[in-house]
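Mind the numbering: the sequence shown is residues -25 to -1, 1 to 343 in mature numbering (1 follows the signal peptide of the UniProt record, and there is no 0), read in order. A short worksheet on the structure shown next.
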Amino acid sequence: MSSCFKLSFVIFFLCLLSSSFSSSASPLNSTDESETLRPQKEIQKLKLIRKQLQMINKPAVKTIQSSDGDTIDCVPSHHQPAFDHPSLHGQRPMDPPEMPKGYDQENESHEDFQLWSLSGESCPEGTIPIRRTTEQDMLRASSVRRFGRKIRRVRRDSSSNGHEHAVGYVSGSQYYGAKASINVWTPRVSSQYEFSLSQIWVIAGSFADDLNTIEAGWQVSPELYGDTNPRFFTYWTSDAYQATGCYNLLCSGFVQTNNRIAIGAAISPVSSYKGGQFDISLLIWKDPKHGHWWLQFGSGTLVGYWPVSLFTHLREHGNMVQFGGEIVNTRPGGSHTSTQMGSGHFAGEGFGKASYFRNLQMVDWDNT
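Structure (structure tokens):
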């Protein structure tokens, strides 16, 4: 991107680190009644889970078992969850878009950056790899109905919503895309209902109920994935995380076009303190011809796109771009969580110890 606006500095993260029983007796018949209601509620919950699993998990032409326990389904691209969306029903994936002019591709390409693909297995042409969602995944969720979505408020003890950020950002102009290489770590996450992530945000609208965001990066989320592996993820919302959008392919929306990258799958290798450093390069940009927002991984590997019809403010452009990290702090025991951001070490420790973003770029109105 020769004429795009470049941020020539490297962002280092700050770690976010913190060095009932009723007294009254219940009548016997009330206890019996609650015991009767409990299995009925569980049955209804399981019915809801299985209904959602049918919508998320599409019939596969091939199945691959990953060494980390994931099951990867190879699903025909035109049957993926995206095309359940009313505005996309009956469509097929778009052809590759025009790349930003002067785009500076990196020499290396790391298509095999996920554990499931290291075995040499891949999905056939015309299909996409989808991490299979299990009943256990949904049973872990704090809300089955909101499974796959960010929880807007995780604490009721303060005005804070529990989400804490450390970001660098640009605003005050029109942004048609962003690029960065994001250092990958395995931060400690102290609770099932907390997470830690590093990502790019492309934002439009206000930070109220009309917020539009496109997000991509890596995250550690025990609630969503059942482990503490860093995983490649995407997210979108057009109403400030209320009723629209989700992670990865857990709802209709993002259209995947690549048959070698599984969104939501574990990343390998990862960085180590005073050891090897690894990052993933992501580019998000708006196709000037059709208006869709595309996602590219590494050097020229298109992952897919967010259709422009999903959004309100992002139909035109973004008005802010952020690069950085986010954690959820549930304040376990009334104290700040010990969940880490990035490497869990302060920026002053420098390269190899603190987490970083590098090669930050923006895409301009003329696709440069």
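Ideal placement from N, C-alpha and C gives every residue a C-beta, glycine not left out.
6 Å Cβ shell around residue i - same chain, five flanking residues per side excluded
i	result
residue 180	186, 187, 288
residue 212	188, 219, 220
residue 355	In the structure displayed, the chain extends from -25 to 343; residue 355 sits before or after that span and is not available.
residue 243	90
residue 176	188, 190, 297
residue 258	154, 271
Closest residue to residue i among the options (Cα-Cα distance)
i	options	result
residue 251	318, 197, 104, 90	318
residue 299	238, 268, 156, 261	156
residue 231	216, 105, 29, 261	105
residue 126	215, 143, 15, 325	215
residue 47	35, 56, 53, 249	35
residue 261	162, 343, 137	343
residue 108	267, 316, 56	56
residue 283	62, 21, 249	62
residue 239	310, 178, 330, 88	88
residue 217	184, 118, 194	184
residue 122	168, 326, 205, 93	168
residue 203	326, 222, 161	161
residue 194	117, 119, 316	316
residue 67	280, 38, 144, 177	280
residue 306	24, 136, 31, 226	136
residue 294	31, 147, 18	147
residue 28	335, 226, 334, 308	226
residue 178	145, 196, 205, 170	145
residue 268	71, 39, 43	71
residue 43	308, 310, 241, 25	241
residue 314	25, 331, 124, 196	196
residue 31	222, 275, 13	222
Beta-carbon gap between residue i and residue j smaller than 8 Å
i	j	result
residue 198	residue 174	no
residue 192	residue 172	yes
residue 245	residue 164	no
residue 263	residue 73	yes
residue 69	residue 292	no
residue 209	residue 270	yes
residue 207	residue 255	yes
residue 296	residue 138	no
residue 141	residue 338	no
residue 64	residue 228	no
residue 166	residue 312	yes
residue 53	residue 33	no
residue 236	residue 272	yes
residue 119	residue 20	yes
Residue i, DSSP secondary structure in three states
i	result
residue -2	Confidence in residue -2 is poor, its pLDDT being 38 and thus under 50, which makes the residue's placement unreliable; the coordinate value appears in the next sentence. Residue -2: coil per DSSP, three-state reduction.
residue 121	coil
residue 22	helix
residue 340	coil
residue 283	helix
residue 63	coil
residue 327	coil
residue 170	coil
residue 113	helix
residue 216	coil
residue 270	strand
residue 138	strand
residue 31	helix
residue 143	strand
residue 58	helix
residue 300	strand
residue 97	coil
residue 52	helix
residue 148	strand
residue 345	Nothing about residue 345 can be read from this structure; the chain reaches only from -25 to 343.
residue 206	strand
residue 15	helix
Residue(s) in a DSSP beta bridge with residue i
i	result
residue 245	According to DSSP, residue 245 bridges with nothing at all.
residue 156	256, 333
residue 262	For residue 262, which the question treats as bridged, DSSP gives no partner whatsoever.
residue 180	Per DSSP, none; premise fails for residue 180.
residue 194	172, 206
Same chain only: Cβ atoms within 7 Å of residue i, ignoring 5 sequence neighbours per side
i	result
residue 201	111, 112, 115
residue 340	149, 151
residue 76	342, 343
residue 2	Summary for residue 2: the model assigns pLDDT 42, below 50, so the residue's position carries little reliability; its value from the coordinates is reported in the next sentence. If we look at residue 2 and ignore the five residues flanking it on each side, it has no Cβ neighbours.
residue 51	36, 101, 102
Residue-chain proximity (residue i, chain E), Cβ-Cβ < 8 Å
i	result
residue 201	Annotation note: the requested chain E is absent from the structure, which comprises a single protein chain.
Residues near residue i by beta carbon distance below 8 Å, same chain, minus five either side
i	result
residue 328	248, 249, 318, 320
Closer than 7 Å: residue i CB and nearest the ligand NAP heavy atom
i	result
residue 13	Questions concerning the ligand NAP fall outside what the structure shown contains, since it holds no ligand whatsoever.
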